[in-house]
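> Have a look at this one.
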Amino acid sequence: MHAFEAGARHGSFKAAAAELGVTPAISHQIRSLEEICGRKLFQRRPRPLVLTSAGARLFPILRNGFDLLAGSLAAVAEPDVQSPLRVTSPNAFASRWLVPRLPKWRVANPAVPLGIIGTDAVLDLRAGAADVAIRYTRRPPLGVAAQEVCLDSFFPICSPRLLASDGRAIVRAADLLRYPLIHFDWMNRYPDAPTWPRWLATARSIDPDLVPDKAWDLSFREELHAIDAVVAGQGIAICSDVVVGRELENGSLVKAHPLSLPSYSFYVVWMHHGPRSTIMEPFLAWMRTVT
Numbered sequence: 419m420h421a422f423e424a425g426a427r428h429g430s431f432k433a434a435a436a437e438l439g440v441t442p443a444i445s446h447q448i449r450s451l452e453e454i455c456g457r458k459l460f461q462r463r464p465r466p467l468v469l470t471s472a473g474a475r476l477f478p479i480l481r482n483g484f485d486l487l488a489g490s491l492a493a494v495a496e497p498d499v500q501s502p503l504r505v506t507s508p509n510a511f512a513s514r515w516l517v518p519r520l521p522k523w524r525v526a527n528p529a530v531p532l533g534i535i536g537t538d539a540v541l542d543l544r545a546g547a548a549d550v551a552i553r554y555t556r557r558p559p560l561g562v563a564a565q566e567v568c569l570d571s572f573f574p575i576c577s578p579r580l581l582a583s584d585g586r587a588i589v590r591a592a593d594l595l596r597y598p599l600i601h602f603d604w605m606n607r608y609p610d611a612p613t614w615p616r617w618l619a620t621a622r623s624i625d626p627d628l629v630p631d632k633a634w635d636l637s638f639r640e641e642l643h644a645i646d647a648v649v650a651g652q653g654i655a656i657c658s659d660v661v662v663g664r665e666l667e668n669g670s671l672v673k674a675h676p677l678s679l680p681s682y683s684f685y686v687v688w689m690h691h692g693p694r695s696t697i698m699e700p701f702l703a704w705m706r707t708v709t
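The numbers in the numbering used here rise by one with no breaks, and the one at position 95 of the sequence shown is 513.
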């Protein structure tokens, strides 16, 4: 049952085997369960795995059962309710969105300390790596509870000082090529990431004179470093209007062109029936209302 639940949650026998620490023979365990049920639980076809109707009915029952069991065991262990609520978040979102709003949290919930874990790695909530997570994804993650925080878009963003230094208005998309283009590495996490090549290719449909394969002039591995370079007036980057929302609001950054690329949503994610549900509820309610 555990093998089936992990395979259904990951959509991959290989990923499930890695989580459970077993060999790829996990597929044999699935077949044993199918023999017990007398029904096929997965459609046998090339990846990704797809549940049959019987598997789709069984998955939420087992998922909730395992979560309830984990929560009950944790409750018996009497966790320290005074320890910080551990919140993991992508680095840029933590730095530019979450951390500036923490004073509001302390005013509203002075008795609930937070521990912020800024990382672009996806920490395993089931394994106890954090209590609650901010996930950046196009759809709510499977196998967990989730609520959407906000949806962002990506625009060419720069400092108004950079535009003023040139003295010429940006009228067409091709006008952006007068300035240094700043890139940051998405590290293949998102195959359709909103990058300069995608923006330039899209912009060429409205400005045929634009060169769609212009190389960027400055490249960073970390998104935060690219944003710092943009704030310093070193060029234009394709940035999230959520991540740099404060700077857009106060005018320290501006949209250099109105053409945007669609992106992803930020979700708050937590385990069903987690051991710290009581302390987690105020944070979830706060995330629904904070601006």
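Backbone N, C-alpha and C define an ideal beta-carbon position, used for all residues, glycine too.
For R553, name the three-state secondary structure that DSSP assigns.
As a position in the sequence shown, residue 553 is number 135, starting the count at 1. The answer is strand: DSSP assigns R553 an E or B state.
> Within the chosen definition, does the region 536-549 reach the region 676-684 through at least 3 CB pairs nearer than 8 Å?
Between the region 536-549 and the region 676-684 there are fewer than three inter-stretch CB-CB distances shorter than 8 Å, so the stretches are not counted as touching.
> Do you know offhand how far D603's Cα is from N509's?
Within the sequence shown, numbered from 1, the residue matching residue 603 stands at position 185. Within the sequence shown, numbered from 1, the residue matching residue 509 stands at position 91. Their backbone Cα atoms lie some 13 Å apart in a straight line.
> From which residue to which residue does the beta strand (DSSP E) around R457 run?
Stepping through the sequence shown from its first residue, residue 457 is reached at position 39. Run containing R457: none; DSSP gives neither H nor E here.
> Going by DSSP, name the residue or residues bridged to T506.
As a first step, residue 506 must be located in the sequence shown, where it is residue number 88. DSSP, once it has assigned bridges, lists I535, A551 as partnering T506.
> Taking C-alpha atoms, which residue in Y554, G663, L628, D635 lies nearest to G653?
As a first step, residue 653 is located in the sequence shown; it is residue number 235 there, counting from the start. Closest by alpha carbon: D635.
> Smallest Cα separation from A564: which of H690, A611, I697, A436?
In the sequence shown, counting from the first residue as 1, residue 564 sits at position 146. Closest by alpha carbon: H690.
> Round the Cβ separation of L679 and W617 to the nearest angstrom and send it over; I've been treating them as touching at under 8 Å.
Position 261 of the sequence shown holds residue 679. Position 199 of the sequence shown holds residue 617. The Cβ separation is near 6 Å, so the contact holds.
> Nearest to D542 by alpha carbon, out of H428, L532, V660?
Within the sequence shown, the letter at position 124 stands for residue 542. Measuring from the Cα of D542, the nearest candidate turns out to be H428.
> Residues bridged to V687 by DSSP?
The residue given as residue 687 occupies position 269 in the sequence shown. Beta-bridge pairing links V687 to A551, A564.
> Between T537 and the rest of its own chain, which residues show a CB-CB distance below 7 Å, the 5 nearest in sequence each way excluded?
The residue labelled residue 537 in the question sits at position 119 within the sequence shown. Beyond the five residues adjoining it in sequence on each side, T537 comes within less than 7 Å, by CB distance, of T506, N509 in the same chain, given in chain order.
> Closest to S445 by CA distance: which of L520, L581, S430, A539 is it?
Counted from its first residue, the sequence shown places residue 445 at position 27. Answer by Cα proximity: S430.
> Once the 5 residues before and after A592 are set aside, which same chain residues still bring their CB inside 6 Å of it?
As a first step, residue 592 is located in the sequence shown; it is residue number 174 there, counting from the start. Hits under 6 Å: D625, D627, L628.
> Have a look at P700, A644, A472 and flag the residue whose alpha-carbon is nearest the alpha-carbon of V530.
As a first step, residue 530 must be located in the sequence shown, where it is residue number 112. For the residues P700, A644, A472, the minimum Cα distance to V530 belongs to P700.
> Taking Cβ to Cβ, would you say C576 is nearer than 9 Å to G651?
Walking along the sequence shown from the start, residue 576 turns up at place 158. Walking along the sequence shown from the start, residue 651 turns up at place 233. Yes, the Cβ-Cβ distance between C576 and G651 is below 9 Å.
> Give the DSSP bridge partners of F602, in chain order.
Sequence index remark: in the sequence shown, residue 602 carries index 184 (1-based). BP columns for F602 point to F638.
> From the DSSP output, in three-state form, read off I656 for me.
Walking along the sequence shown from the start, residue 656 turns up at place 238. It is a strand residue.
> Can you list, in chain order, the residues of its chain whose CB lies under 8 Å from that of R586, leaving out five sequence neighbours each side?
Here residue 586 corresponds to residue number 168 of the sequence shown, with the count starting at 1. Correct list, in chain order: D593, R596.
> Classify P615 as helix, strand or coil using the three-state DSSP reduction.
Against the sequence shown, residue 615 aligns to sequence position 197. Helix.
> Applying the 10 Å Cβ sphere with the 16-neighbour rule, what's the burial state of E437?
Here residue 437 corresponds to residue number 19 of the sequence shown, with the count starting at 1. Result: buried.
> What residue range is occupied by the uninterrupted alpha helix (DSSP H) comprising P578?
Position 160 of the sequence shown holds residue 578. Residues 578-584.
> By the three-class DSSP mapping on this structure, what secondary structure does I588 have?
What you label residue 588 is simply residue 170 of the sequence shown in a count that begins at 1. Here I588 sits in coil by DSSP.
> What does the alpha-carbon distance come out to for the pair S623 and T707?
Here the question's residue 623 lines up with position 205 in the sequence shown. Here the question's residue 707 lines up with position 289 in the sequence shown. In a straight line, the C-alpha of S623 is about 39 Å away from that of T707.
> Hey, how far is the Cα of F572 from the Cα of T709?
The sequence position of residue 572 within the sequence shown is 154, counting from 1. The sequence position of residue 709 within the sequence shown is 291, counting from 1. So the alpha carbons of these two residues sit roughly 20 Å apart.
> Identify the continuous alpha helix (DSSP H) that holds V661 and give its terminal residues.
In the sequence shown, counting from the first residue as 1, residue 661 sits at position 243. Premise fails: V661 is in no alpha helix (DSSP H) and is neither H nor E.
> Alpha carbons only, please: which of S583, V468, A512, A703 is nearest the one belonging to L642?
In the sequence shown, the residue the question calls residue 642 occupies position 224. If we check each option's Cα against that of L642, A512 comes out closest.
> How many angstroms separate the CA atom of I656 from the CA atom of I600?
In the sequence shown, residue 656 corresponds to position 238, counting from 1. In the sequence shown, residue 600 corresponds to position 182, counting from 1. Rounded to the nearest angstrom, the gap between the Cα atoms of I656 and I600 is 8 Å.
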